[in-house]
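Read the structure below first, then the notes.
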Amino acid sequence: MVTLSVPGNNRSDLQADRIASTVTLRPADIQPVEEFLKQLARAVRQFHTYPPTSPLCLNAVTACHESLAVIGPRDRLVLRVAPSEFIVDEVRIGGGTIIEHELSRRLSRARVRALEIDRAASARDVSRFCADLVDAEDLEKSRTTLADRLAEHGVNTIVPGMALRPEVLEIGTPTAPLCDLMEHERRRRRELISPDAPVSYLYPPDKGWVRIDPSQSLDTVSLMDLVVLVADPAEVATMLLRLTDEEPAGPDARQAALERKFSDVTTLVSSLDPRLARIMFEKLARAVLDLDPERRKTLLQRTILPGLLDKRPDGSVLRDFPDLELADSLCLLLDLEAAAPEVLATALNHLDLAPERRESVAPLIDERVRARQTGNEPPGGLAHESSLDRYARELIRIEAKSGKDFSEFTAFDFAIDEHAASAVSGIREGIGATDLLSARVRFVWQLVRLEPNPTIVESFLGRVCELLVALERDGRWQEFATSIASFGQLAVELKERRPDVAETIVKAVTDFCSPARVLALIQLYERDSNGRQIATDVIKALGGALVQGFIVLLDDVVHEQRARALTPIFCEHAVKFAPAFEAALQSCGLTATRVAVRVMGHGGVGHEAAVAKLVAHEDDQVAREAFRALARIGTTAAAALVSRQIREGNIGRRAAAEEALWHFPPGQTAAQVRQFLGSRDFVVQHPQMASRLLDRAAQARTEGLEDVLARLEQLRFRFWKPHVVRVARKARELRVR
Numbered sequence: 027m028v029t030l031s032v033p034g035n036n037r038s039d040l041q042a043d044r045i046a047s048t049v050t051l052r053p054a055d056i057q058p059v060e061e062f063l064k065q066l067a068r069a070v071r072q073f074h075t076y077p078p079t080s081p082l083c084l085n086a087v088t089a090c091h092e093s094l095a096v097i098g099p100r101d102r103l104v105l106r107v108a109p110s111e112f113i114v115d116e117v118r119i120g121g122g123t124i125i126e127h128e129l130s131r132r133l134s135r136a137r138v139r140a141l142e143i144d145r146a147a148s149a150r151d152v153s154r155f156c157a158d159l160v161d162a163e164d165l166e167k168s169r170t171t172l173a174d175r176l177a178e179h180g181v182n183t184i185v186p187g188m189a190l191r192p193e194v195l196e197i198g199t200p201t202a203p204l205c206d207l208m209e210h211e212r213r214r215r216r217e218l219i220s221p222d223a224p225v226s227y228l229y230p231p232d233k234g235w236v237r238i239d240p241s242q243s244l245d246t247v248s249l250m251d252l253v254v255l256v257a258d259p260a261e262v263a264t265m266l267l268r269l270t271d272e273e274p275a276g277p278d279a280r281q282a283a284l285e286r287k288f289s290d291v292t293t294l295v296s297s298l299d300p301r302l303a304r305i306m307f308e309k310l311a312r313a314v315l316d317l318d319p320e321r322r323k324t325l326l327q328r329t330i331l332p333g334l335l336d337k338r339p340d341g342s343v344l345r346d347f348p349d350l351e352l353a354d355s356l357c358l359l360l361d362l363e364a365a366a367p368e369v370l371a372t373a374l375n376h377l378d379l380a381p382e383r384r385e386s387v388a389p390l391i392d393e394r395v396r397a398r399q400t401g402n403e404p405p406g407g408l409a410h411e412s413s414l415d416r417y418a419r420e421l422i423r424i425e426a427k428s429g430k431d432f433s434e435f436t437a438f439d440f441a442i443d444e445h446a447a448s449a450v451s452g453i454r455e456g457i458g459a460t461d462l463l464s465a466r467v468r469f470v471w472q473l474v475r476l477e478p479n480p481t482i483v484e485s486f487l488g489r490v491c492e493l494l495v496a497l498e499r500d501g502r503w504q505e506f507a508t509s510i511a512s513f514g515q516l517a518v519e520l521k522e523r524r525p526d527v528a529e530t531i532v533k534a535v536t537d538f539c540s541p542a543r544v545l546a547l548i549q550l551y552e553r554d555s556n557g558r559q560i561a562t563d564v565i566k567a568l569g570g571a572l573v574q575g576f577i578v579l580l581d582d583v584v585h586e587q588r589a590r591a592l593t594p595i596f597c598e599h600a601v602k603f604a605p606a607f608e609a610a611l612q613s614c615g616l617t618a619t620r621v622a623v624r625v626m627g628h629g630g631v632g633h634e635a636a637v638a639k640l641v642a643h644e645d646d647q648v649a650r651e652a653f654r655a656l657a658r659i660g661t662t663a664a665a666a667l668v669s670r671q672i673r674e675g676n677i678g679r680r681a682a683a684e685e686a687l688w689h690f691p692p693g694q695t696a697a698q699v700r701q702f703l704g705s706r707d708f709v710v711q712h713p714q715m716a717s718r719l720l721d722r723a724a725q726a727r728t729e730g731l732e733d734v735l736a737r738l739e740q741l742r743f744r745f746w747k748p749h750v751v752r753v754a755r756k757a758r759e760l761r762v763r
């Protein structure tokens, strides 16, 4: 039962606010509350202006969280939300301040009328609230509330109280007979129900408002009253669907609503006076018969026939089916029940038909059963081309994109035959054969995948680490690698939807990959060929999380040489590891930096800028590795960076850059050489380097230099610069060749 309110009879929130405004007392702890709200408003402003990962947002959340801890003796702060202020203990806070502009206005637009904040709220909860509040305007399109979004993100310490958003149901002007009938039903219900009996609601109370003619004197309309006033089962189903925040749309909206809300409609109709219920069931039967054949068949199989067998109101609608349609509908039980024809007699008994009508329906059913058994069933019937096996396959088919309703299984009467007994006994053996360790890892993985709160996820991951250690201790390396890889893939999957959970997973895996564990992998790698393959698989599964522990070992004098043994693996799979090495460059020592640069060089496109910063490193070996890495990357951007060092670097860098230039792909090298030799200023300032470039170009047989050599030949008249003249002569010799 639900009460549908009629607008205009409830005292508004505005009147309550006016009454509250007469209270002028300010409790001693209001000032800390006001300070907290100011900090929260500033945090919301930062989240509106900057991305959530910005230091400004993080600092604002920290300040807000600190002020929450000193709001006074309250364990839970309860706020009433007005359009321009908050009301705490009947005291108004925030009007005309940042609290109004950033908090109360946003909350009012999001239809929040109250806000409860627990002092135990974490910084993550505050951050999530700010981000969701900023995005609240986009939620209205999907009919998702701010409270729903916070619950989805695992925030239960900040609870918005949403304003009532009733559905307005049009019933026009009820006729006098309908109004009299409604009053009769009300009196009958009052006589049947004790005044002190608890009220149970089929839908949330006050969820709907009924719009009627102003001349009607109705304060409230219950769902029972609505059924009487509307008198159309399909229309009632449509209204019920709207009360669940679903808007029926499309040409078949009424049929879809009737299919989805059929059980609720029959529940309401069966509660009416028996004579009135009989009339409404007749209308409901006509509405069911008017459905599309496939939709009607689905409704019969999923709801009406199981309801008939269970003696629920759903099956009562069959009494008003014509004889032929009733026989066809009952024969659908042959597709639902393992008891085959025997269950038809039970269903027929449950209908309580009059003897003369039962005698006319029974032969029709027998005729259809015989037709099924002989295979002569006429096409076009409801039961055509359906079988128990096909229906069972439909039941067990699972699709990840949408939920699956298993209520159809209630239509089966299971019998324990030899096959079923064998399957049941096999369950015990299956339990005994289950690998509990792997099963626990999979179970916790599912929990982490579903849980939106990173604090709870962190506790789950602590248990995962214990299970992984057990796998490692038992030498089950393949399962160890597979389990870790599954959590890495889960972090990637959740990065967009729940970035804080993804970050928690990455941190947990990184912490798990301690230097001691990396050292154990090195020992496994050095053991034999089988150990080398296992260690390689585990390293690939761990991915970038392994890099930090590996760097620690590289910078340790004791383990440096042994750690270098893993460098080829990182280079071979550099695309996966290079980003982690680039991110860890600031914490790398000298040895680790050399290895990191080499891996980034194998990583390819995208690491040019990070590598280029190291060509000026104080360690010559690091600088040479950087030049080699740029040459290995081989992109136009990398070639331009090397060319810049040839022009602007010191003597040592120029020599290394010049050598690296010839390790680029031939096309990149030729383009850069043409650019250098085509610059008169470069040749005049660096004639010796230009001469070396000509020699290397001749050895490499670089093509496309004819026009460049012709211009260089003109420099032979600069006799006051012998080095330049030698460059011109060399260019002339190359042209002659």
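27 is the number of the first residue of the sequence shown in the working numbering; add one for each residue after it.
Even glycine gets a Cβ: it sits at the ideal position worked out from N, Cα and C.
Should Gly180 go down as buried or exposed, given a rule of 16 or more other Cβ atoms within 10 Å for buried? Reading the sequence shown from its first residue, position 154 is the one you call residue 180. Classification of Gly180: buried, given that the 10 Å Cβ count is 16 or more.
Grab me the residues of Val291's own chain with a C-beta within less than 6 Å of its C-beta, minus the 5 sequence neighbours each way, in chain order. The residue given as residue 291 occupies position 265 in the sequence shown. For Val291, where only same-chain residues beyond five positions count, the Cβ hits under 6 Å are Pro259, Val262, Ala263.
In this structure, does DSSP put Leu172 in helix, strand or coil? Counting from one through the sequence shown, the residue named residue 172 turns up at place 146. Under the three-state reduction of DSSP, Leu172 is assigned to helix.
For Ala108, list the residues DSSP reports as bridge partners. Start at 1 with the first residue of the sequence shown, and residue 108 comes out as number 82. Ala108 is bridged to Glu111.
Counterpart residues of Met188 in DSSP-defined beta bridges: By 1-based counting over the sequence shown, the position of residue 188 is 162. Assignment of beta-bridge partners to Met188 by DSSP yields Val138.
To which residues of the same chain is Lys233 closer than 7 Å at the C-beta, ignoring the five residues directly before and after it? Position 207 of the sequence shown, counting from 1, holds the residue named residue 233. Beyond the five residues adjoining it in sequence on each side, Lys233 comes within less than 7 Å, by CB distance, of Val28, Pro192, Glu193, Leu269 in the same chain, given in chain order.
Under 7 Å Cβ to Cβ from Ala311, same chain only, skipping five residues before and after it: list those, please. Here the question's residue 311 lines up with position 285 in the sequence shown. If the five residues before and after Ala311 are omitted, its C-beta is found closer than 7 Å to the C-beta atoms of Val343, Asp346, Phe347, all from its own chain and listed in chain order.
Contact under 7 Å by Cβ, Val625 with Ala591: For the purposes of this step, residue 625 is taken as residue 599 along the sequence shown, with counting starting at 1. For the purposes of this step, residue 591 is taken as residue 565 along the sequence shown, with counting starting at 1. Between Val625 and Ala591, the CB-CB gap reaches or exceeds 7 Å.
Looking only at C-alpha atoms, which of Leu640, Asp349, Leu377 sits nearest to Leu334? The count along the sequence shown starts at 1 and reaches residue 334 at position 308. Leu334 has its Cα closest to that of Leu377, out of Leu640, Asp349, Leu377.
Stretch-stretch touch, CB-based, cutoff 8 Å, three pairs: the stretch 66-81 with the stretch 101-113: Fewer than three pairs of CB atoms, one per stretch, sit closer than 8 Å, so the stretch 66-81 makes no contact with the stretch 101-113.
Arg100 in three-state terms, based on DSSP: In the sequence shown, counting from the first residue as 1, residue 100 sits at position 74. Coil at Arg100, not helix or strand.
Just curious, the beta strand (DSSP E) that Thr246 is in, first and last residue? Position 220 of the sequence shown, counted from the first residue, corresponds to residue 246. Start and end: 246-248.
Tell me whether the stretch 237-245 and the stretch 196-212 touch, counting them as touching only if at least three CB pairs, one residue from each stretch, are closer than 8 Å. Output reads yes: the stretch 196-212 touches the stretch 237-245.
With burial defined as no fewer than 16 other Cβ atoms inside 10 Å of the residue's Cβ, what is the status of Asp354: buried or exposed? Here residue 354 refers to the residue found at position 328 when the sequence shown is read from its first residue. The residue is buried, with at least 16 neighbouring Cβ atoms inside 10 Å.
Looking at C-alpha atoms only, which residue of Arg673, His633, Ala683 is the closest neighbour of Asp646? One-based indexing of the sequence shown puts residue 646 at position 620. Cα-wise, what sits closest to Asp646 is Ala683.
Would you say Ser464 and Glu498 are within 7 Å of each other, going by their C-beta atoms? The residue you call residue 464 lines up with position 438 of the sequence shown. The residue you call residue 498 lines up with position 472 of the sequence shown. With respect to Glu498, Ser464 sits apart: the two C-beta atoms are not nearer than 7 Å.
Looking at Arg321: is its Cβ nearer than 7 Å to the Cβ of Glu285? For the purposes of this step, residue 321 is taken as residue 295 along the sequence shown, with counting starting at 1. For the purposes of this step, residue 285 is taken as residue 259 along the sequence shown, with counting starting at 1. Closer than 7 Å, so yes.
Which of the three DSSP states, helix, strand or coil, is assigned to Glu19? Outside the displayed range of the chain (27 to 763) lies residue 19, so it cannot be described from this structure.
Let's see if you can read the secondary structure: which residues bound the alpha helix (DSSP H) around Val648? Taking the first residue of the sequence shown as position 1, residue 648 is located at position 622. Taken as a continuous stretch (DSSP letters only), the alpha helix (DSSP H) holding Val648 covers 646-659.
Three Cβ pairs or more, each shorter than 8 Å: is that satisfied between the stretch 129-136 and the stretch 75-94? No, because fewer than three Cβ pairs between the stretch 129-136 and the stretch 75-94 fall closer than 8 Å, the two stretches do not touch.
With H, G and I counted as helix, E and B as strand and the rest as coil, what does DSSP make of Gln338? Taking the sequence shown and counting its residues from 1, one reaches residue 338 at position 312. Strictly speaking, residue 338 in this sequence is Arg, with Gln absent from that position. If DSSP states are grouped into helix, strand and coil, Arg338 belongs with coil.
Which value, in whole angstroms, describes the spacing of the CA atoms of Gln515 and Ala610? Residue 515 sits at position 489 when you count from the first residue of the sequence shown. Residue 610 sits at position 584 when you count from the first residue of the sequence shown. Distance between the alpha carbons of Gln515 and Ala610 is about 21 Å.
Option in His210, Cys539, Ser555 with minimal Cα separation from Ala567: The sequence position of residue 567 within the sequence shown is 541, counting from 1. For the residues His210, Cys539, Ser555, the minimum Cα distance to Ala567 belongs to Cys539.
If I'm right that Leu159 touches Ala136 with Cβ under 8 Å, what's the distance once you round it to whole angstroms? In the sequence shown, counting from the first residue as 1, residue 159 sits at position 133. In the sequence shown, counting from the first residue as 1, residue 136 sits at position 110. In this structure Leu159 is in contact with Ala136, their Cβ atoms being roughly 7 Å apart against a cut-off of 8 Å.
Taking His628 and Arg658 to be in contact with their CB atoms under 8 Å, please state how far apart those CB atoms are, rounded to whole angstroms. Translated into positions along the sequence shown, residue 628 becomes position 602. Translated into positions along the sequence shown, residue 658 becomes position 632. The C-beta distance from His628 to Arg658 rounds to 6 Å, short enough to fall under 8 Å.
Mapping DSSP to helix, strand and coil, what is Asp144? As a working mapping, residue 144 is identified with position 118 in the sequence shown. Asp144 carries a strand assignment under DSSP once its states are collapsed to helix, strand and coil.
Cβ separation of Ile184 and Ile143, assumed to be a contact under 8 Å, to the nearest whole Å: Here residue 184 refers to the residue found at position 158 of the sequence shown. Here residue 143 refers to the residue found at position 117 of the sequence shown. That pair is a contact at about 5 Å.
Cutoff 7 Å; reference Ala177; Cβ partners in own chain excluding five residues on either side: The residue you call residue 177 lines up with position 151 of the sequence shown. Within the same chain, Ala177 has no close Cβ partners at all.
Please state the DSSP three-state secondary structure of Ile565. Within the sequence shown, numbered from 1, the residue matching residue 565 stands at position 539. Residue state for Ile565 is assigned as helix, using DSSP reduced to three classes.
Grab the span of the beta strand (DSSP E) containing Trp235 for me, first residue to last. Here residue 235 corresponds to residue number 209 of the sequence shown, with the count starting at 1. Here the beta strand (DSSP E) through Trp235 covers 234-238.
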